[in-house]
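Working notes, structure below.
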Amino acid sequence: MNLILLGGPGAGKGTQAKKLIDKFQIPQISTGDILRAAVKEGTEMGRKAKEFMDAGKLVPDEVVIGIIKDRLAQADCKKGFILDGFPRTVPQAEALDKVLTSLSSKIDHVVSIDVDEEALVTRLTGRRTCKNAACGQMFHIKFTPPKKEGTCDKCGTELYQRDDDNEATVRNRLATYNQATAPLIGYYKVKGLVRPIAGVGSIDDIFNKIVGIVAGGHACACGR
Ligand code: AP5
Ligand code: MG
7 MNLILLGGPG
17 AGKGTQAKKL
27 IDKFQIPQIS
37 TGDILRAAVK
47 EGTEMGRKAK
57 EFMDAGKLVP
67 DEVVIGIIKD
77 RLAQADCKKG
87 FILDGFPRTV
97 PQAEALDKVL
107 TSLSSKIDHV
117 VSIDVDEEAL
127 VTRLTGRRTC
137 KNAACGQMFH
147 IKFTPPKKEG
157 TCDKCGTELY
167 QRDDDNEATV
177 RNRLATYNQA
187 TAPLIGYYKV
197 KGLVRPIAGV
207 GSIDDIFNKI
217 VGIVAGGHAC
227 ACGR
């Protein structure tokens, strides 16, 4: 099962991907997480990427395409993968098609998670993320608070607020999404792969909708 989770910043891609890993035992590939790890390590790529990320802009295509090429070639992707935050531009989607063809593979489903913009701002400005990269669990101060304030329920590590989760950067990220990433819905619609779902409601209900889609169940544009 090769799945793309598409959706604006804060739509719940990471939240759903973490649940899908547990259910299907396939890796989540988040370019955002990989870039944040590079920023933390202080690599040359990380230093360059940080400027784009802090401004709510996209890191150049050639950088993220290189990351994805290397990642998809790894053995754990053979059983399937969940792409979270990639592709984000039409050239990235075209490059992905080429890479997958060279690996005799293809995308099976593109789940597009729809949430309105003001809800996304509220979600992101209240998000708290586990500092332990191997865990990376997300919480929300109002919607999904941790049992103990500032501490991850899963692994006990301290929570932090991402540098790009301030309102000004979030609004730039939304504008970037509308301009560069939303056209991907059309790109995958033509290929008959898009499954839009409403991304509001309980995290478990949204998860069940995604599982229904990948399990080959109800798959039309009605959002059920
Ligand atoms: P990235 O890390 O991919 O960020 P993003 O796409 O902006 O998405 P987020 O991670 O912010 O949101 P999410 O959809 O994962 O939501 P989450 O589940 O956490 O990218 C960051 C940056 O890296 C980019 O801006 C860019 O600079 C760069 N980058 C990355 N990939 C790139 C690429 N391919 N090309 C170029 N540049 C790239 O949920 C959000 C919050 O909502 C949480 O608090 C959660 O608890 C809460 N929540 C989730 N579901 C629900 C629900 N149903 N109800 C209520 N609250 C909910
Ligand atoms: Mg995410």
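Just so you know, we're using this note's numbering here: the sequence shown kicks off at 7 and counts up by one.
We treat Cβ as the ideally placed atom computed from N, Cα and C, and that holds for glycine.
Since the structure is predicted, the reported quantities are computational estimates derived from the model, not experimental observations.
Continuous alpha helix (DSSP H) stretch holding residue i: start and end
i	result
Asn-214	209 to 220
Gly-52	50 to 60
Asn-178	173 to 182
Closest Cα partner of residue i within the set the options
i	options	result
Phe-149	Tyr-166, Arg-201, Asp-82 and Ala-125	Ala-125
Ala-79	Leu-106, Asp-170, Leu-64 and Ala-23	Leu-106
Leu-109	Phe-92, Cys-83, Val-96 and Cys-141	Cys-83
Ser-111	Val-117, Ile-212 and Phe-87	Phe-87
Asp-39	Gly-142, Lys-29, Ile-209 and Ile-71	Gly-142
Ile-35	Lys-24, Val-65 and Tyr-193	Lys-24
Asp-120	Gly-205, Lys-153 and Leu-41	Gly-205
Val-70	Leu-11, Asp-60 and Leu-102	Leu-102
Ile-203	Val-196, Phe-213, Lys-46 and Arg-53	Phe-213
Pro-93	Cys-158, Leu-165 and Ile-10	Ile-10
Val-116	Leu-12, Gly-162, Met-7 and Ala-61	Leu-12
Gln-185	Thr-21, Ile-113, Leu-64 and Ile-32	Leu-64
Thr-175	Leu-190, Phe-58 and Asp-122	Phe-58
Ile-191	Asp-67, Met-7 and Ser-118	Ser-118
Three-state secondary structure (DSSP) of residue i
i	result
Gln-22	helix
Ile-74	helix
Ile-32	coil
Ala-227	Any answer about Ala-227 is weak, because its pLDDT of 45 lies below 50 and its placement is not dependable; what the coordinates show is given next. In the structure shown, Ala-227 sits in coil (DSSP, three-state: anything other than H, G, I, E or B).
Ser-108	helix
Arg-42	helix
Thr-95	coil
Opposing strand residues paired with residue i [DSSP bridges]
i	result
Thr-187	According to DSSP, Thr-187 bridges with nothing at all.
Asp-120	Ala-204
Glu-164	Thr-157
Phe-145	Arg-134
Thr-150	His-146
Residue i, enclosing beta strand (DSSP E) - first and last residue
i	result
Asp-90	87 to 90
Asn-8	8 to 13
Arg-133	133 to 136
The ligand MG site residues, beta-carbon cut 7 Å against heavy atoms: Lys-19, Gly-20, Ser-36, Gly-38, Asp-90 and Gly-91
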